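Note that the protein sequences, when read in sequence, are chains E and B.
For the first sequence, our numbering gives the first residue as 19, with consecutive numbering after it.
For the second sequence, our numbering gives the first residue as 12, with consecutive numbering after it.
Reviewing the structure listed below.
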Amino acid sequence: MLVVNGVTKKYKKFVANDNLSFTIGDGEVGVLLGPNGAGKSTIIKSIAGLLKYQGSIEIDKYDNHSIEAKRKLGYIPEIPALYDTLTIDEHLEFIRRAYRVEDDSVKERLLDRFELTDKCKKMGKELSKGMQQKVSICCALMHDPSVVIFDEPMVGLDPHAIKELKLVFHELKEAGKTVLISTHMIDTIEDYWDVVHIMMNGRIAATKHNAHDPSEQKSLEQLFFEITEGISES
Amino acid sequence: MVSAYLYRVRRALLKQPWKFLIALLGFAFFCFMMAFPTIMGMPNSDGTVSDSFVPRDVNVVTGGMYLIEIAMFSFMFYTGLKNGVVGFSTADVNFHMAGPFTPRFNLIIAASGTLQLCFVFTFVLGMQSALIYQATGVATADLVTIIILSFVASVIGYFLGSLFGARTSDNEAKRRFVLIIGIIINAVSVLGFVFTLFSKYPSVEALKDLGIKGIIAFFGQSVFAKAFPGGGWVSLIYDGVINASPVRLFMGIILTVALIGVIVVLYGHLDLDYYDEAMAYAQKAADLMEQKRAGVDSDTAAITKRAKVGKEKLGAGVGSGAITAIHLLMNKRGSKFFFVNPLAFMYRIITAFYLAFMSNSSVNGDSRALIISAFAMMIMLNAVVYAGGKTVTEFTKHYIYLIPEKASSKLLACIRSDIPEMAFDSLLCGVLMVFMCGFKIPEAIAFGVLMLVYDMLCEMAALLVMKIFPMLGRYLLMLVRYLGVMIVVGLASVPLVVVLVITKSLVAACFTGALVGAVLLSILIPIASKVVERVEL
């Protein structure tokens, strides 16, 4: 479970996140949806413990800066951060050892799944952005985290990888993991989400649950544009 | 066109006034370094000559000046040629290239952006004033002139190289042709000089007697130095002044002005079609910027470019130990031997040459100046190597912050991975001191230990500076990091000097310095560990 409670992040006078609070439960897929500059990446980075902020963030009831929380967190950054001179295989091996994962077969499974097996001897500097993103995803899933946060994960991926990634979202949900995805591309989130928080100017402007309730009058798309473009339907 | 550009510059400066303050501090420090020869040359209170005074050798100053200016000109010319249209941002591409500006105006704007690089090189050269003084006895006026001329030489070199780079951007064969012409000019100058030198000093004994200082002085007299395009012509101006030669002075002025004129004319008349390459460069720069914004610092060092996957394997290590293991693997991949840092090794060769140059004429009959120079040079070069090393780079990626281990354990794992490189380098430093400065073995060991501690100190100080001033740009951060490291190492060196003055024992002084350095480390490491815990990436 991921609990974000009253998080405010300021860059000098600019408020990137303004008193954000939300919870994503076990087995839930949460989506942070918003235009560029809405503060999605800032809150994702804060959850990963990469920014200083006011408020509190808990990962499976542990403070996100604690070692226990780090052990339970998987983070896929917006820009893949690989070591230029380590191969794909070595990246995964590094993470496996750093997180003390005993099972060596996880690495092979992930490489296979994201079609990286035949390229596993390629160094980080030799990979395209999409390939780097795949490696980044594999690294984040290597230690079987219970909370996984994705920052714009679809950017740069090829259709096969996008399909696999969506499948991964479903599997993580099935396995009872907590998933948080930040994206500005409303078309990509389809139907695998449980809750969407629409962000504007550092705040959550609206929250929509995927209740599959036919009585709900506004679609996610309608709600999104109503908020981001200020169009109110009378 | 110009007013639009100036508006942009003015807005950028107004938004970051703190940059003025840092620039002011840097300038003040720079002025101090320029005044160094004057301070060192001040007579004692009783009117006698100070121990630190180094007599000025006009011939060596002249030769050294030619060497510096030619090196700066050549380096910047090749950089400009290679980069061609470096300096364009995506904003430049979108607004300048698509706007109502001529290609040559756009190119000048981009090239002027690289003046920052010339400033940095001039600043770094200025920081070496103590070494230049010890080597040649330059006066402050010499130093200021050499620095100004080297700025001029590097700017001319860059603009010329950039012009050729832009002109040949669509044809690699043409660019290679220009490169070969440049190399031929360099080679002819070197070979011509060597031939002249051997003609006058035909035996090894004669050359030994002449010494490196003599060779440099001889270079200053050589026609190959004076005739060297750009660097040599610029040097002729001051050569004429200090050697009272109006012919050289006027030749220098005429040739330099003519070269600048040719560059201006070429910029004005050549048909420049470089937008494709500019856009590719801008995209690359934007990607790097994006990575930096996301907390990723690309390992763009030349070592990274050379790295190839071989038989090397990831060594043992779990938890924090995995960080040590990947660092050692990357070391091995970058240089074949995990304990050799190629950059540090290259600097050690430079140090050896420098010491060979200095050792030929000890100051006032003792070797203290030589030891001080060696010490200062090694520290300054190590500040560059280890203040920008793998550990510091590691903290620009997110892995180290996310790995579920204690912060101190992760930091120590990083330091541990640098120890083989640092130890080997310290060993080399000790060996150099034995052969070049006549150290005894215990003194060399003590010196090696001191260097090892100082290397770690450089690393920790750089890490903290980087985290304290995350808002600084790349070049400015480099300068502030360098200054910060120098301040911390300077602090550790004060007790060393005191003990040396009191005991006259190098062993005691070095161990004292190492001890104080270790105490500082014990303070800095826990602070740096906090950085790992509470990060702002």
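Beta carbons: idealized from backbone N, C-alpha and C, even for Gly.
Quantities reported herein were computed from a predicted structural model and do not represent experimental measurements.
Original post:
Relative to the alpha-carbon of ASN352(B), which residue among ASN393(B), ALA380(B), THR362(B) and SER200(B) has its alpha-carbon at the smallest distance?
Top reply: Numbered from 1 along the second sequence, position 341 holds the residue referred to as residue 352(B). Residue ASN393(B) is the option with its Cα nearest to ASN352(B).
Subject >> Test: TYR410(B) CB closer than 9 Å to a CB of chain E >> reply: Locating residue 410(B) in the second sequence gives position 399, where the first residue counts as 1. So yes, TYR410(B) belongs to the interface.
Subject >> Extent of the continuous alpha helix (DSSP H) run through GLU46(E) >> reply: Here residue 46(E) is taken as the residue at index 28 of the first sequence, counted from 1. No alpha helix (DSSP H) contains GLU46(E), which DSSP labels as neither H nor E.
Original post:
Is ALA539(B) close to chain E, meaning its C-beta is less than 9 Å from at least one C-beta of that chain?
Top reply: Sequence index remark: in the second sequence, residue 539(B) carries index 528 (1-based). Cβ-Cβ to chain E under 9 Å: no for ALA539(B).
Subject >> Element boundaries [beta strand (DSSP E), containing VAL149(B)] >> reply: For the purposes of this step, residue 149(B) is identified with residue 138 of the second sequence, where counting begins at 1. Here VAL149(B) belongs to no beta strand (DSSP E), and DSSP marks it neither H nor E.
Original post:
Are the beta-carbon atoms belonging to PHE480(B) and VAL491(B) less than 9 Å from one another?
Top reply: Looking up residue 480(B) in the second sequence gives position 469. Looking up residue 491(B) in the second sequence gives position 480. Contact: yes.
Original post:
Between which two residues does the beta strand (DSSP E) carrying SER169(E) extend?
Top reply: On the first sequence, position 151 is the one that residue 169(E) refers to. For the record, residue 169(E) in the displayed sequence is Asp; it is not Ser. 165-169 is the extent of the beta strand (DSSP E) around ASP169(E).
Original post:
Would DSSP call ILE75(E) helix, strand or coil?
Top reply: By 1-based counting over the first sequence, the position of residue 75(E) is 57. Correct three-state label for ILE75(E): strand.
Subject >> Inter-residue Cα distance where the pair is GLY142(E) and PHE43(B) >> reply: Along the first sequence, one-based indexing puts residue 142(E) at 124. Along the second sequence, one-based indexing puts residue 43(B) at 32. The straight-line gap from Cα to Cα measures roughly 45 Å.
Original post:
How big is the Cα-Cα spacing for GLU470(B) and VAL403(B)?
Top reply: For the purposes of this step, residue 470(B) is taken as residue 459 along the second sequence, with counting starting at 1. For the purposes of this step, residue 403(B) is taken as residue 392 along the second sequence, with counting starting at 1. In a straight line, the C-alpha of GLU470(B) is about 7 Å away from that of VAL403(B).
**OP:** Assuming TYR412(B) contacts LEU68(E) (C-beta within less than 8 Å), just tell me the rounded distance between them.
**Re:** Here residue 412(B) refers to the residue found at position 401 of the second sequence. Here residue 68(E) refers to the residue found at position 50 of the first sequence. Yes, TYR412(B) and LEU68(E) are in contact; Cβ-Cβ is about 6 Å, under 8 Å.
**OP:** Could you tell me whether any Cβ in chain B is nearer than 9 Å to the Cβ of GLY67(E)?
**Re:** Residue mapping note: residue 67(E) aligns to position 49 of the first sequence, counting from 1. Chain B has a Cβ within less than 9 Å of the Cβ of GLY67(E).
**OP:** Compare the C-beta of THR26(E) with all C-beta atoms of chain B and state if any pair is closer than 9 Å.
**Re:** In the first sequence, the residue the question calls residue 26(E) occupies position 8. Closer than 9 Å: no.
Original post:
Quick one: what does DSSP say LEU487(B) is sitting in, helix, strand or coil?
Top reply: Along the second sequence, read from residue 1 onward, the residue named residue 487(B) stands at position 476. Three-state DSSP puts LEU487(B) in a helix.
**OP:** Would you verify that the beta carbon of MET141(E) is, or is not, closer than 9 Å to some beta carbon of chain B?
**Re:** In the first sequence, counting from the first residue as 1, residue 141(E) sits at position 123. Taking Cβ atoms only, chain B reaches closer than 9 Å to MET141(E), which makes this a yes.
Subject >> Sequence-distant residues of its chain with Cβ nearer than 6 Å to ILE360(B) (five each side left out) >> reply: Here residue 360(B) corresponds to residue number 349 of the second sequence, with the count starting at 1. Within the same chain, ILE360(B) has no close Cβ partners at all.
Original post:
Nearest-angstrom Cα distance between GLN151(E) and GLY55(E)?
Top reply: Indexing the first sequence from 1 puts residue 151(E) at position 133. Indexing the first sequence from 1 puts residue 55(E) at position 37. Roughly 22 Å between the two C-alpha positions.
Original post:
Between LEU325(B) and chain E, is there a C-beta pair that is closer than 9 Å?
Top reply: Numbered from its first residue, the second sequence carries residue 325(B) at position 314. With 9 Å as the cut-off, LEU325(B) counts as an interface residue toward chain E.
**OP:** For MET76(B), count neighbouring C-beta atoms within 10 Å of its own C-beta (all shown protein chains included) and say buried if the count is 16 or more, exposed if not.
**Re:** Here residue 76(B) refers to the residue found at position 65 when the second sequence is read from its first residue. When all chains shown are included, MET76(B) counts as buried.
Original post:
What is the DSSP secondary structure of ASP308(B), reduced to helix, strand or coil?
Top reply: Your numbering for residue 308(B) matches position 297 in the second sequence. Note on ASP308(B): pLDDT 47, under 50, position unreliable in the model; the coordinate value appears next. ASP308(B) falls in the coil class under three-state DSSP.
Subject >> Limits of the unbroken alpha helix (DSSP H) element including ASP136(E) >> reply: Residue mapping note: residue 136(E) aligns to position 118 of the first sequence, counting from 1. Premise fails: ASP136(E) is in no alpha helix (DSSP H) and is neither H nor E.
**OP:** Go to TYR93(E), then tell me how far its beta strand (DSSP E) extends in each direction, as first and last residue.
**Re:** In the first sequence, counting from the first residue as 1, residue 93(E) sits at position 75. First-last of the beta strand (DSSP E) with TYR93(E): 91-94.
Original post:
On the three-pair Cβ rule with 8 Å, is the segment 191-208 of chain B touching the segment 222-239 of chain B?
Top reply: yes
Subject >> Helix, strand or coil at VAL510(B) [DSSP, three-state] >> reply: Locating residue 510(B) in the second sequence gives position 499, counting from the first residue. Of the three classes helix, strand and coil, the one that applies to VAL510(B) here is helix, per DSSP.
**OP:** Please list, in chain order, all residues of the same chain as ILE193(B) whose beta carbon is under 8 Å from its beta carbon, the five residues on each side excluded.
**Re:** Stepping through the second sequence from its first residue, residue 193(B) is reached at position 182. In the sequence as presented, Ile is not what sits at residue 193(B); that position holds Gly. In the same chain as GLY193(B), and ignoring 5 residues on each side of it, the C-beta atoms closer than 8 Å to its own belong to SER85, PHE88, TYR89 and LEU92, in chain order.
Original post:
With 16 other CB atoms within 10 Å as the buried threshold, where does ALA455(B) fall?
Top reply: Along the second sequence, read from residue 1 onward, the residue named residue 455(B) stands at position 444. It is buried - the Cβ of ALA455(B) has at least 16 other Cβ atoms within 10 Å.
Subject >> Residues that DSSP places opposite PHE40(E) in a beta bridge >> reply: Position 22 of the first sequence holds residue 40(E). Bridge partners of PHE40(E): VAL22(E).
Original post:
Could you give the residue range of the alpha helix (DSSP H) that holds THR404(B)?
Top reply: Taking the second sequence and counting its residues from 1, the one referred to as residue 404(B) is at position 393. Here the alpha helix (DSSP H) through THR404(B) covers 401-405.
Original post:
Buried or exposed: where does HIS338(B) fall if 16 or more other Cβ atoms within 10 Å of its Cβ makes it buried?
Top reply: Residue mapping note: residue 338(B) aligns to position 327 of the second sequence, counting from 1. Buried.
**OP:** Could you confirm whether any beta carbon from chain E is found closer than 9 Å to the beta carbon of GLY400(B)?
**Re:** Stepping through the second sequence from its first residue, residue 400(B) is reached at position 389. GLY400(B) does not count as touching chain E.
Subject >> Contiguous alpha helix (DSSP H) assignments of at least 4 residues, all confined to the segment 386-470 of chain B >> reply: 401-405, 410-413 and 418-448
**OP:** With a threshold of 16 other CB atoms inside 10 Å of the CB of GLN72(E), please say whether the residue is buried or exposed.
**Re:** Indexing the first sequence from 1 puts residue 72(E) at position 54. Result: exposed.
Subject >> Reference MET477(B); option with closest CA among MET489(B), ASP466(B) and MET467(B) >> reply: Your numbering for residue 477(B) matches position 466 in the second sequence. Ranking MET489(B), ASP466(B) and MET467(B) by Cα distance to MET477(B) puts MET489(B) first.
Original post:
Ordered along the chain, which non-local residues of its own chain (more than five positions away) have a Cβ less than 7 Å from that of PRO54(B)?
Top reply: On the second sequence, residue 54(B) is found 43 positions in, with the first residue counted as 1. Only VAL60 and SER61 meet the Cβ criterion.
**OP:** Kindly say whether PHE91(E), judged by its beta-carbon, lies nearer than 9 Å to any beta-carbon of chain B.
**Re:** The residue labelled residue 91(E) in the question sits at position 73 within the first sequence. The sequence given here places Leu at residue 91(E); Phe does not occur at that position. At a cut-off of 9 Å between beta-carbon atoms, LEU91(E) makes contact with chain B.
**OP:** Could you have a look at HIS202(E) and say whether DSSP puts it in helix, strand or coil?
**Re:** Counted from its first residue, the first sequence places residue 202(E) at position 184. If DSSP states are grouped into helix, strand and coil, HIS202(E) belongs with coil.
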